[in-house]
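Chemist: Handing you a structure now.
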Amino acid sequence: MPSRAPMLSFTTNVTARLCYTGQNGVSSSPIPTLGTSAPTEPSLDEVVQLSQPLPSLPHRRISAPGAPRITTVPLPASPGNTSSSPEPELFPLSLLAPLTQVTMDQLRAIFLITPIHLHVLIDQVIHLGTFNGEYPGETYSALDLFTALHSLTTQSMDLHLTFTCLPQDIRDKVRTAFLSRNHRHAGAVNIWEQFAFGQRLLGGPTGHDLLMGKNDIWGFEDSAFDGHSIVHLA
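Numbering (UniProt numbering), first residue to last: 1 to 234.
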């Protein structure tokens with residue numbers, strides 16, 4: 001399935017909750033699906049009807065399938081046998097570095113199902129939000145998701161649609177990430193305060209700060225619970 005122009009949109013989670021690690025993988029408490037869904041569609045909380053965090057659920061770890069190893073046939077004048085280079089490790093995968101053709105091919109071979117939940121490891125794992133397609137259950141390649149994440153890191157952060165939707169403790173972490181990134185800028189605090197009052201300024205917070213400086217993808221998962229996919233950043 002070839003990669004297509006990404007239609008993924010990111011929405012922060014108004015009830016972002018800490019996730020916890022079980023023996024079988026990373027699980028989280030029930031999280032509402034936000035974003036492009038119709039207003040009448042029930043949230044995950046309503047569907048599951050659970051008031052307690054989910055128990056540890058087995059997750060199937062997704063990794064890029066191994067590419068075929070092609071052995072070359074030496075020409076008559078060749079000094080000896082040669083073989084293709086080993087396939088490089090996919091993870092960690094930086095959102096800030098250009099992709100090689102090999103990495104793009106690996107990402108195209110990984111399929112993810114919307115809503116794609118974004119987990120960020122700070123001191124604990126935080127469910128930051130979801131990437132949504134045109135409808136739940138839609139399939140995208142990991143390359144589509146990488147493109148959407150990379151775009152998110154460069155975009156200015158929207159105060160009302162993104163930042164204020166977050167719980168206060170996560171807002172504090174985002175602010176800390178922005179000030180840390182701009183620690184040499186004498187006006188960083190003033191820029192942040194103006195952002196908090198709804199002004200958009202050059203050099204203001206971006207998606208890089210929303211991700212709290214975590215720009216490396218460390219893996220993708222398929223949730224055994226409801227079939228959606230998860231991407232882990234750290």
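Note that the Cβ used here is the ideal one computed from N, Cα and C, for glycine as well.
Does DSSP put F10 in a helix, a strand or coil?
Modeler: F10: strand per DSSP, three-state reduction.
Chemist: Expressed to the nearest angstrom, what Euclidean distance is found between the alpha-carbon atoms of S229 and V120?
Modeler: Going from the Cα of S229 to the Cα of V120 covers about 14 Å.
Chemist: Assuming L8 and G137 make a contact with CB atoms under 8 Å, what is their CB distance in whole Å?
Modeler: About 14 Å separates the two Cβ atoms, so there is no contact after all.
Chemist: Rounded C-beta distance between L149 and L112? I'm assuming under 8 Å.
Modeler: Contact flag wrong, Cβ pair sits at about 12 Å.
Chemist: E89 by DSSP, collapsed to three states: which one?
Modeler: DSSP places E89 in coil when its eight states are reduced to three.
Chemist: What is the DSSP secondary structure of T139, counted as helix, strand or coil?
Modeler: Looking at T139 - three-state DSSP - the assignment turns out to be strand.
Chemist: Taking all protein chains shown into account, do 16 or more other C-beta atoms lie within 10 angstroms of the C-beta of L118, making it buried, or fewer, making it exposed?
Modeler: L118 comes out buried.
Chemist: Pick out the complete alpha helix (DSSP H) segments inside the region 91-138, 4 residues or longer, and give them in chain order.
Modeler: Complete alpha helix (DSSP H) runs here, min 4: 101-108.
Chemist: When the distance is taken between beta carbons, is V174 closer than 7 Å to L210?
Modeler: The answer is yes: Cβ separation under 7 Å.
Chemist: Going by Cα to Cα distance, which pick from G204, E89 and S156 is closest to H185?
Modeler: It is G204 whose Cα lies nearest to the Cα of H185.
Chemist: Quick one: using the 10 Å Cβ neighbour count with 16 as the cut-off for buried, is L233 buried or exposed?
Modeler: Buried is the call here.
Chemist: Of all the options G213, D226 and W218, which has the alpha carbon lying nearest to the alpha carbon of T154?
Modeler: Nearest of G213, D226 and W218 to T154, Cα basis: G213.
Chemist: Look at L90 and Q106 and say whether their C-beta atoms are less than 7 Å apart.
Modeler: Cβ atoms of L90 and Q106: closer than 7 Å.
Chemist: Pick helix, strand or coil for T176, following the three-state DSSP scheme.
Modeler: It is helical.
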